[in-house]
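Undergrad:
2 protein chains.
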Amino acid sequence: MNETEFLKEYDPTAFQRPSVAVDLVLLGIRDGWPAVLLVKRDQLPHVGRWALPGGFVGIDESLDAAAARVLREKAGMGEAHLEQLYTFGAVDRDPRMRIISVAYLALLTEQAFDAALGAMPALLPAAIQVPWAGETGGPVTVLSPEKQELTLAFDHAAILATAMLRLRGKLDYSDVAFALLPELFTLRQLQDVHEAVLGAALNKPAFRRRQLDKGWLAATGAYEVGAAFRPAELYRFQRH
Amino acid sequence: MNETEFLKEYDPTAFQRPSVAVDLVLLGIRDGWPAVLLVKRDQLPHVGRWALPGGFVGIDESLDAAAARVLREKAGMGEAHLEQLYTFGAVDRDPRMRIISVAYLALLTEQAFDAALGAMPALLPAAIQVPWAGETGGPVTVLSPEKQELTLAFDHAAILATAMLRLRGKLDYSDVAFALLPELFTLRQLQDVHEAVLGAALNKPAFRRRQLDKGWLAATGAYEVGAAFRPAELYRFQRH
DNA sequence: GTAATAGTGTCTGTGAGACAATATAAG
DNA sequence: CTTATATTGTCTCACAGACACTATTAC
């Protein structure tokens with residue numbers, strides 16, 4: 001029996017299968033705080049609760065492609081840093097049926113965040129409060145624009161907490177911070193992003209030194225316009 | 001319509017579903033090198049190639065439970081550090097059908113590694129060579145006990161590379177190194193594990209200082225026996 | 001000039017690498 | 001005593017935090 005014959009006889013319906021979905025944590029920085037875009041559930045279960053945008057994975061669609069499709073369809077966006085986060089597979093995480101969810105983290109610039117809100121008015125921008133520090137992680141709080149604490153559907157609070165832990169962990173050794181900033185930015189803006197993600201103030205001279213020493217920043221020679229006082233130089237992210 | 005009625009009417013067969021499997025990277029340190037336990041495929045596709053032990057996820061089984069079951073059934077083991085690694089979901093990663101694989105990293109002490117080999121003689125202990133350094137990652141090489149380079153089945157080489165990257169990344173801020181060591185160990189053994197994982201020599205006094213300053217080590221007052229020369233003190237892993 | 005922020009210089013403390021010195025056990 | 005490794009001490013260097021100083025722009 002060669003491989004072609006084998007494949008013909010293989011029975012792909014031999015056992016019951018779970019459904020597989022992707023859920024997206026659409027993350028940006030708004031008003032100095034991390035924020036996430038949520039959709040209101042209009043169906044049971046958890047009807048009326050806020051949830052992460054998601055969708056089922058097509059049978060001929062890779063996980064990354066499914067995440068990119070949900071990003072387009074549910075968030076009206078083409079461009080964003082997208083990375084796989086973790087796969088949530090508790091048996092009872094969805095009461096309808098067995099659904100395994102592969103969570104993705106999408107990082108949005110402030111412009112992309114606002115553009116998504118414009119394209120999809122049903123999206124809610126919710127502020128994220130992270131009460132813990134360090135590598136352990138823990139629960140996070142989600143606040144509506146009216147400062148009401150929201151209870152997320154399913155295990156989406158745990159997914160969001162995982163996203164914040166990942167983002168904090170990668171912040172200073174990877175380039176994720178630049179995914180939250182526009183093409184051109186000042187060092188102050190870069191520091192603001194770091195401080196918002198970490199939830200802590202940073203020392204300015206030390207921050208500048210460390211960022212410049214990394215060699216990931218290219219000075220443009222251009223300066224911000226419209227600043228009330230001395231305008232800062234604009235930098236661009238550029239490896240090495 | 002309340003939630004119970006809704007669930008009754010929900011059609012769980014509405015669309016085609018992928019299969020979901022778990023694959024385990026059973027990792028230990030042997031002769032100062034990282035090593036992985038492999039199984040030989042006796043079926044098409046990729047018959048005769050070496051693969052990571054794996055199994056399908058049951059419809060009433062969480063991902064973690066499936067990984068623990070595979071650990072028991074395919075590796076004859078009950079105890080090991082087990083953590084989810086990454087989910088591999090390319091459409092064509094398995095020619096039989098669409099299979100999404102949730103990879104797990106299992107860390108074995110040298111005793112557990114040998115016990116698994118004893119319990120499951122079909123397992124092959126293969127040495128892992130990691131040619132890269134730093135956070136980027138890249139391909140790894142797998143060598144049989146006869147020093148022959150092995151080609152792994154499916155995308156298992158990529159899974160193994162992901163495992164090595166994760167292990168290196170977590171080595172000095174987490175407790176993974178202790179999962180590779182017995183209950184009682186010397187500082188030299190701890191350093192050997194770090195050096196094997198990192199593939200680099202470390203400075204002894206600096207290593208000792210850093211480990212002791214972390215506060216994760218409890219001196220036992222006992223010393224190793226049978227050492228050819230001065231015996232080292234035995235330590236135990238203990239948080240804070 | 002004043003206000004407010006951008007950007008730089010310098011001191012200090014912490015921690016890692018390098019290297020040497022001391023301690024200890026087997027034979 | 002010799003050998004080989006465990007364990008400790010010390011020097012130096014790199015780097016981050018703290019803090020003050022200079023630079024620049026709007027008004």
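Protein sequences, first through last, are from chains A and B.
Counting in full-length UniProt numbering, the final residue of the first sequence is number 240, and the numbers go up one at a time with none missing.
Counting in full-length UniProt numbering, the final residue of the second sequence is number 240, and the numbers go up one at a time with none missing.
No residue lacks a Cβ here, since even glycine has one placed at the ideal position from N, Cα and C.
1. Just list the residues that DSSP pairs P145 of chain B with in beta bridges.
2. Assess contact between the segment 119–126 of chain B and the segment 37–45 of chain B, defined as three or more Cβ pairs (one per stretch) separated by less than 8 Å. Is contact present?
3. Take A196 of chain A and list the residues in its own chain whose beta-carbon comes closer than 8 Å to its own, dropping the five residues that flank it on each side.
4. Please return the same chain residues whose Cβ sits closer than 8 Å to the Cβ of A177 of chain B, not counting the five positions on each side in sequence.
5. Tell me the DSSP secondary structure of E110 of chain B in three-state form.
6. In terms of residue numbering, what span does the alpha helix (DSSP H) encompassing P125 of chain A cover?
7. Under a CB-based cut-off of 8 Å, is D23 of chain B close to chain A?
8. For the alpha helix (DSSP H) that contains V197 of chain B, what are its first and last residues?
9. Check whether the Cβ atoms of V22 of chain A and L63 of chain A lie closer than 8 Å to each other.
10. Tell me which residues of the segment 15–46 of chain B have at least one Cβ-Cβ distance to chain A shorter than 7 Å, keeping chain order.
11. Just to confirm, are D175 of chain A and R93 of chain A a CB contact at a threshold of 8 Å?
12. Going by DSSP in three states, F178 of chain A sits in which element: helix, strand or coil?
13. Whole angstroms are fine: how far does the CA of V20 of chain B sit from the CA of L107 of chain A?
14. Taking only three categories from DSSP, how would you classify E73 of chain A?
15. Using the three-state DSSP reduction, which class does A218 of chain A fall into: helix, strand or coil?
16. Which ranges does the alpha helix (DSSP H) cover as unbroken runs of at least 4 residues, wholly within the UniProt domain "Nudix hydrolase" (20–111) of chain B, from first to last along the chain?
17. Quick one: using the 10 Å Cβ neighbour count with 16 as the cut-off for buried, is A201 of chain A buried or exposed?
18. Report the neighbours of G55 of chain B on chain A: residues whose CB is nearer than 7 Å to its CB, in chain order.
19. Just to make sure I have the definition right: I need the residues of chain A whose C-beta is within less than 7 Å of the C-beta of T151 of chain B. Which are they?
20. With distance defined between alpha-carbon atoms, name the residue in A:H240, A:R17 and A:A219 nearest to L234 of chain A.
21. Specify the secondary structure class of L212 of chain B as computed by DSSP and reduced to three states.
22. If contact means a Cβ-Cβ distance below 7 Å, which residues of the segment 121–145 of chain B contact chain A?
23. For E3 of chain A, would you say it is in contact with chain B, using Cβ-to-Cβ distances shorter than 8 Å as the test?
24. Considering R17 of chain B, what are the terminal residues of the beta strand (DSSP E) in which it resides?
25. Using a Cβ cut-off of 7 Å, which residues of the segment 66–97 of chain B contact any Cβ in chain A, in chain order?
26. Are any of the Cβ atoms in chain B nearer than 8 Å to that of V102 of chain A?
TA: Taking the geometry as given:
1. The partner list for P145 of chain B (beta bridge, DSSP) is empty, contrary to what the question assumes.
2. yes
3. Within the same chain, Cβ atoms closer than 8 Å to the Cβ of A196 of chain A are found at I29, G32, W33 and P34, the five residues on either side in sequence being excluded.
4. L171, L190, V193, H194 and V197
5. helix
6. P125 of chain A -> not in any alpha helix (DSSP H); beta strand (DSSP E) instead, spanning L124 to Q129.
7. no
8. L187 to L198
9. yes
10. F15, Q16, R17, P18, S19, V20, L44 and P45
11. It is not a contact, given that the beta carbons lie outside the stated cut-off.
12. helix
13. 27 Å
14. Three-state result, E73 of chain A: helix.
15. strand
16. 63–75
17. exposed
18. None at all; the shortest Cβ gap to chain A is about 11 Å.
19. Chain A residues near T151 of chain B: none, gap ~16 Å exceeds 7 Å.
20. Among A:H240, A:R17 and A:A219, the Cα nearest to that of L234 of chain A is on A:A219.
21. helix
22. E135
23. Confidence in E3 of chain A is poor, its pLDDT being 45 and thus under 50, which makes the residue's placement too unreliable to answer from.
24. Neither: R17 of chain B is in no beta strand (DSSP E) and is coded neither H nor E.
25. Q84, Y86, T87, G89, A90, V91, P95, R96 and M97
26. yes
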